[in-house]
Structure formats: C-alpha cells, structure tokens
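These notes concern the structure reproduced below.
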Amino acid sequence: MIIITELRGNLSGLKNRTIEELEELTNEVFSSSDLVDNNFLHKIINKIEIIERRLAILINRRGEVLRIRVGNLTEEFFENMAQRRSNQRLSGLRCIYLTFDQDLDTKTDILLKEYRLDLVLHIRLDDLQSIEAKIHYPQVKRGEIVLGSKVEGPFQVKQLNMIDYLTEVQSIEEKLSKEEAIKVQEREEERAILVGLETSNNKSFVQKETLVELRSLVQTAGLKVAGEEIQHREQLDSRYYIGYGKVKELKELKYTLGANVIIFDHELNPAQQRNLEEELEIKVIDRTQVILDIFAQHANTREGKLQIELAQLNYLLPRLTGKGVELSRLAGGIGTRGPGESKLEVDRRRIRKRINNLNKKIDKAQKTRFTQRSRRRLPTVSLVGYTNAGKSTLLNKLTSANVMVKDELFATLDSNTCKLKLPIGREILISDTVGFIRKLPHQLIAAFRATLEEVEESDILLHVVDVSQADYEEKIDAVLEVLSELDVLEKPIVTVLNKIDMIDDREKIKLIKQEIEDSLAISAVKGEGIDKLLERISGLVLDTMVEIELLLPYSDAGSLDLIHQSGKVIEEDYNNKGIFIKARVSQEIADSVDEDYIVSMEPLV
Ligand SMILES: Nc1nc2c(ncn2[C@@H]2O[C@H](COP(=O)(O)OP(=O)(O)OP(=O)(O)O)[C@@H](O)[C@H]2O)c(=O)[nH]1
Ligand SMILES: [Mg+2]
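The opening position of the sequence shown corresponds to residue 1 in this note's numbering, with each subsequent residue numbered one higher.
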C-alpha cells in the first residue's frame with residue numbers, strides 16, 4: 001500500500017535543512033502497539049526547539065506517520081483524509097499535537113468529535129525541562145461521540161510508550177456499537193439552532209420578528225431552541241442559502257450548543273437542503289416543515305389528518321434523492337412525524353402510491369362534507385386572522401363557548417362553530433378558524449381548506465388583528481394573501497383591531513382605525529368594544545342575506561346561473577310550471593331578479 005505522506009502548514013521562514021528533516025520524519029513508521037515512538041518524539045521535540053512553532057502529527061493504527069503540519073491544528077489538517085464511514089467505529093487515526101501553551105481549547109474537542117479521532121495526544125512544551133503530555137479520548141454518550149473529551153494524564157514523555165491506548169480505543173468503539181442500537185429506540189431531546197437571513201429586500205425588523213415567531217413555532221412543535229443566528233447578506237446563496245462562511249460557523253456551533261437540528265426561517269429548495277445537510281452533517285429543516293409538523297401533531301379530524309399527510313409527502317418527495325439510508329438516519333423527530341404512519345415512508349415509489357391513495361380518500365371525504373354542509377341555514381360569520389391574534393378569545397367572549405385560548409401559535413387547529421344570538425334577537429353561526437401565518441407553506445393551503453371551507457362558505461368575515469404588535473401591518477397582508485387565495489375577498493370583511501388594552505396611546509388606536517377601512521377597535525379580554533362589534537355584525541347580517549323562493553321559467557337560465565354562482569341553493573325542483581328554487585342570496589342578487597318570478601323573500605335574521 002502506498003502511504004501518501006505530507007508536510008503542511010506555514011513553512012515560510014524555515015531553513016531548507018529543517019524542512020528536509022521534517023519531511024524525512026513524515027516517513028517514519030513505528031510499532032503499531034506504541035502510542036508514540038520515543039525516538040521519533042525526541043527528534044520532533046528537537047525540531048520544535050528550532051522552529052518555535054506548534055506542530056501536529058497524524059498517525060494511523062499501523063504506526064505510520066501520515067501528515068505533519070507546522071502551525072495550529074485545524075480542519076485543514078484533516079482535508080481529504082480517507083475516513084471510515086461507520087458510525088460504530090472511530091477513524092483509526094490519532095493526532096499528536098505539540099504546543100507551548102496551557103491546555104487545549106474546545107476547538108480540539110470539536111476536531112476530535114468531527115473526525116472521529118482515536119485520540120489527541122497533547123504535548124506541552126512550555127517548560128522544556130519537564131515536558132507534560134495528556135491524552136484526550138473521545139467521549140461516547142447514547143451511542144454517539146459527544147463534545148468534551150475524556151482526559152488522561154499528565155504523563156512524562158518516557159511513560160508514553162507504556163500506555164495501552166489500543167485497549168481504551170477498542171472499549172470506546174465497543175460502547176459506540178452497543179449503544180447505537182439503543183439510540184434508535186430512545187429518542188433524544190431535539191435541540192435546534194434557528195437561522196435567518198437578512199437580505200437587502202428583507203427588512204431587518206421583519207426578519208427579527210419572523211425569527212421570534214419561528215422560535216414560538218419550534219417550541220410549539222416541542223423542541224428546545226439552543227441558539228439563533230441571523231446572517232446579513234446582499235443576496236441569498238443559491239447553493240447553501242446562507243454564505244459558506246456562515247455554514248462553517250454553524251458547523252462549530254452545533255457542537256458548542258449541543259444542537260441536533262438546524263432550522264431555517266425560509267423555505268429551502270431540495271438542493272439547498274441537501275447541500276446543507278451534507279456539509280453540516282446534521283438534520284436541516286425549514287420553516288415549512290416545522291409548520292407541517294405542528295399540524296401533523298395536532299390535526300383532529302379525519303380529513304385534516306389525510307390532508308396533512310398529503311402535504312408532508314408532497315414536501316418530502318422532491319427531497320428524496322434515492323438516499324433512503326441517509327433519510328432513515330433522519331427519520332423520527334421533527335419533520336418526519338406524521339399522522340398516518342408512525343414514521344413517514346422513505347421509499348419514493350411507495351410515497352407516490354400513498355399520495356394517490358390519499359388524494360382518493362380526500363376526494364371522498366370532501367364529497368360527504370359538501371352534502372352535510374348544504375343543509376346549514378343560519379347566516380354564518382367566520383373569525384379569521386393571524387395566529388395568536390385573539391380569535392378564540394373573541395369567540396369565547398361573544399358566545400359562552402369554551403374554546404381553548406393559549407399564548408401559543410396555532411392553539412386552534414380545527415374550527416369551532418357556535419350559535420350566537422344577536423341583540424336583534426336572531427341567531428347566527430360563528431366559527432373560529434385556524435390562524436394564518438406568514439410564509440404559509442403552499443402545500444398547506446389545501447390542508448387549510450378543510451377547515452377554511454367555513455370561511456369560503458361564510459357570509460361575513462371578521463378579520464381579527466393583534467394591533468399591539470409592531471408588525472401588525474405585515475400580518476394583515478399575510479392574512480389578506482391567504483384570503484385572496486381562498487377567493488373570499490369579495491365578502492364583507494370587518495377588521496377587528498384587538499388587544500387595544502395593551503396600547504396606552506388612545507390617539508394611536510384612533511389613527512390605525514382611520515387608516516384601515518371598515519375597522520373596529522376592541523379588547524376581547526376586557527370586553528371593550530364588543531357591543532359595537534355586535535351591532536356591526538347585526539347590521540351586516542340584515543344587509544346581506546335573504547332567503548328567496550323563486551319560480552323561474554325555463555327560458556331564464558341566466559338568473560339560475562347567477563344564483564348558483566353567488567348564492568346557496570337549498571332546494572331545486574324542475575316541474576312543469578318551471579324551475580322552483582329556494583336559495584340564500586345577498587339582497588343585491590335578490591334585487592336583480594325579475595319581481596314576477598319571486599314567490600317569497602324573507603330576511604334571514
Ligand atoms: N391583552 C390582551 N390579550 C389578548 C386579547 N385577546 C387575546 N389575548 C391573548 O392573546 C393570546 C392568544 O389568544 P387566542 O384567542 O388563543 O388567539 P387565536 O387567534 O385563537 O390564536 P390561534 O388559535 O393560535 O391561531 C392569549 O394569550 C390571549 O389571552 C386582548 O384583547 N388583550
Ligand atoms: Mg385559537
């Protein structure tokens with residue numbers, strides 16, 4: 001076997017003779033059972049006295065010297081080093097590091113872990129009369145090498161070749177392989193580093209707010225947040241999303257913070273996610289996956305569950321690149337928890353089949369839902385808005401409902417519908433819905449639809465806004481975007497400015513009210529403004545809906561179409577006198593129908 005030996009590092013200023021001698025030393029081979037050959041060590045120490053620089057030496061288990069580096073021990077020293085890939089073994093390489101300082105810093109521990117070294121033998125030369133050596137072995141916990149080495153020593157140089165390092169290394173490897181099996185069963189706590197990117201078209205206060213929001217999301221998903229990083233950069237990087245320098249920083253941070261997952265505040269494309277995962281050797285997920293995960297954990301209805309699983313699979317599919325093994329490494333934990341299976345599938349063919357299956361099931365579920373819904377008669381109002389705006393609190397205030405209210409994102413994931421008696425004496429239905437969020441994964445819109453169908457079918461929308469938040473305008477926009485996707489912007493929308501009890505400056509509230517068309521200020525908790533809101537709802541209900549019975553001649557198909565498109569048909573009967581229709585429509589539509597055809601028209605309230 002050819003051993004490639006090299007001399008690296010900063011050689012400038014060294015005499016040619018010294019360089020030659022160092023090069024010679026890279027060809028040394030000593031007995032495989034020796035930690036280090038005494039003779040060799042003396043030669044090296046002699047050289048160091050001349051060059052007065054740190055020195056690192058890499059040796060394999062056969063006792064062959066592979067590399068010598070003049071200068072600090074860094075990642076560069078291990079570049080292109082063939083490594084054993086097995087998780088249950090160490091690399092079979094050990095490192096001797098000669099320095100003049102006190103102790104080694106965490107950087108060495110990081111390298112020890114990162115390159116799965118057998119050990120680092122640290123030799124301190126600050127006092128040449130009594131040179132001290134310590135051995136840093138990797139530490140294993142729950143089948144994994146963890147940061148922080150087990151240190152033995154100090155030893156005298158002459159004691160070193162008596163140390164049975166191999167037995168120690170073998171016992172570490174034994175621990176690795178034995179506990180690997182346990183690790184799979186025992187899910188360790190997930191600790192995440194959150195990463196945001198601030199570019200020139202992404203305002204910094206918005207990035208800060210969305211990172212705060214991501215933190216809540218991640219906590220809602222049940223993870224611990226170990227750290228947060230925001231990078232400032234002109235543009236995003238197509239390969240890694242963030243800059244390569246930051247990627248390297250994260251690589252160290254994951255050890256120092258003890259993180260096992262890195263979560264990006266932006267949707268990563270499949271290639272970026274893969275590149276990051278390969279480079280960082282850690283699970284990398286994005287905001288979308290966190291949101292999907294929360295929904296997966298919380299979905300209650302059967303259709304909701306099916307929709308979430310579908311959204312997750314659609315998200316995962318382009319991210320599988322035939323590396324099933326690697327993915328199974330990542331399986332379990334955030335991003336792969338699913339409602340359908342205990343563990344999401346990792347096989348592409350099976351995923352496609354499952355997607356097909358899910359689509360069919362969802363179709364069927366939707367059909368049943370439609371027939372159930374069309375029996376509904378009362379006018380309906382939906383509470384929509386950003387998550388944590390106070391929708392459920394308002395519902396509870398308006399009705400005697402007891403919907404869970406929490407200072408947590410996505411406290412409500414299924415809609416709750418309650419009856420509400422208006423001051424004018426008529427009943428309406430009022431629904432609380434799932435909250436919206438910025439950068440809502442588009443895969444989720446369909447899943448939202450199941451609950452948001454309430455919104456699509458309701459007559460009036462109350463858009464609840466938490467105006468005590470600095471970024472309430474961005475949140476309004478995010479909500480309007482989803483409403484526009486649902487194609488419901490045509491409905492009457494009242495903007496309910498909530499949590500005004502948290503704003504001391506009454507003038508400010510006034511100004512916001514003036515700025516936003518059709519808005520009302522309330523405090524759902526204190527009850528302030530609720531009367532006005534009820535009056536407003538009553539007015540709109542009276543305005544908008546009538547129940548109408550028509551007998552249309554077969555020749556007037558135009559009106560029939562109109563009612564189908566814009567109203568709710570309750571009964572439709574084709575008889576010999578014409579087409580009989582009973583429908584709920586807006587007053588406007590009712591007014592446009594030829595009076596002669598109207599059998600009866602009643603306000604709904
Ligand atoms: N100070 C104050 N806090 C409020 C008000 N309304 C709601 N909150 C608080 O805001 C938090 C969120 O309220 P929820 O009613 O759960 O909000 P939501 O819009 O239903 O949230 P999701 O279901 O998670 O989308 C809770 O801690 C409430 O107590 C208010 O008028 N004033
Ligand atoms: Mg809620």
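Note that beta-carbon positions come from the ideal geometry of N, C-alpha and C, so glycine has one too.
Given the structure is predicted, the values throughout are model-derived calculations rather than measurements.
Beta-carbon proximity check, residue i vs residue j, cutoff 7 Å
i, j, result
"Ile135", "Leu147", "no"
"Gly578", "Leu542", "no"
"Leu280", "Leu257", "no"
"Glu485", "Ile445", "yes"
"Val494", "Lys391", "no"
"Leu540", "Ile460", "yes"
"Asp466", "Lys421", "no"
"Arg233", "Gly243", "yes"
"Arg69", "Leu90", "no"
"Ala521", "Lys508", "no"
"His163", "Leu316", "Per the sequence presented here, residue 163 reads as Ile, with His not at that position. Not closer than 7 Å, so no."
"Val261", "Ala311", "no"
"Ser149", "Asp109", "yes"
"Ser555", "Ile424", "no"
"Ser382", "Ser458", "yes"
"Leu217", "Leu511", "no"
Any non-hydrogen atom of ligand 1 closer than 6 Å to residue i Cβ
i, result
"Val525", "yes"
"Thr106", "no"
"Val405", "yes"
"Asn498", "yes"
"Ala470", "no"
"Lys475", "no"
"Thr399", "no"
"Ala590", "no"
"Thr387", "yes"
"Gly304", "no"
"Asp505", "no"
"Gly222", "no"
"Asp293", "no"
"Gly435", "yes"
"Asp518", "no"
"Asp501", "yes"
Residue i (DSSP reduced to helix, strand or coil)
i, result
"Val479", "helix"
"Ser484", "helix"
"Lys421", "strand"
"Ile589", "helix"
"Asn269", "coil"
"Ile45", "helix"
"Asn16", "helix"
"Leu327", "At Leu327 the pLDDT is 45, less than 50, meaning the model places this residue with poor confidence; the figure from the coordinates comes in the next sentence. In the structure shown, Leu327 sits in a helix (DSSP, three-state: H, G or I)."
"Asp594", "coil"
"Ser538", "helix"
"Gly148", "strand"
"Tyr241", "strand"
"Glu341", "With a pLDDT of 46 at Glu341, under the threshold of 50, the modelled position of that residue is not reliable, and no figure is offered here."
"Thr199", "coil"
"Lys577", "coil"
"Leu410", "A quick correction: the sequence has Phe, not Leu, at residue 410. Phe410: coil per DSSP, three-state reduction."
"Arg376", "Confidence at Arg376 is low in this model, with a pLDDT of 48, below 50, so the placement of that residue should be treated as unreliable; the coordinate-derived value is given next. Residue state, collapsed to three classes: coil."
"Leu662", "The first residue shown for the chain is 1 and the last is 605, placing residue 662 beyond what the model contains."
"Arg636", "No answer is possible for residue 636: it lies beyond the span of the chain, which begins at 1 and ends at 605."
"Leu462", "strand"
"Arg624", "Residue 624 lies beyond the residue range present for the chain, which begins at 1 and ends at 605; the question has no answer from this structure."
"Val467", "coil"
"Gln514", "helix"
"Phe436", "strand"
"Thr495", "strand"
"Ile163", "coil"
"Lys364", "helix"
"Val169", "helix"
"Phe30", "coil"
"Ile3", "Annotation note: pLDDT 44 at Ile3 (below 50); position unreliable, coordinate value reported separately. Residue state, collapsed to three classes: coil."
"Arg191", "strand"
"Ile500", "helix"
Cβ separation of residue i and residue j, assumed to be a contact under 8 Å, to the nearest whole Å
i, j, result
"Lys224", "Glu190", "7 Å"
"Leu214", "Leu194", "5 Å"
heavy atom of ligand 2 below 6 Å from residue i C-beta
i, result
"Thr412", "yes"
"Ser555", "no"
"Ser216", "no"
"Ser382", "no"
"Glu392", "Looking at the sequence shown, residue 392 is not Glu but Ser. Ser392: yes, Cβ under 6 Å from ligand 2."
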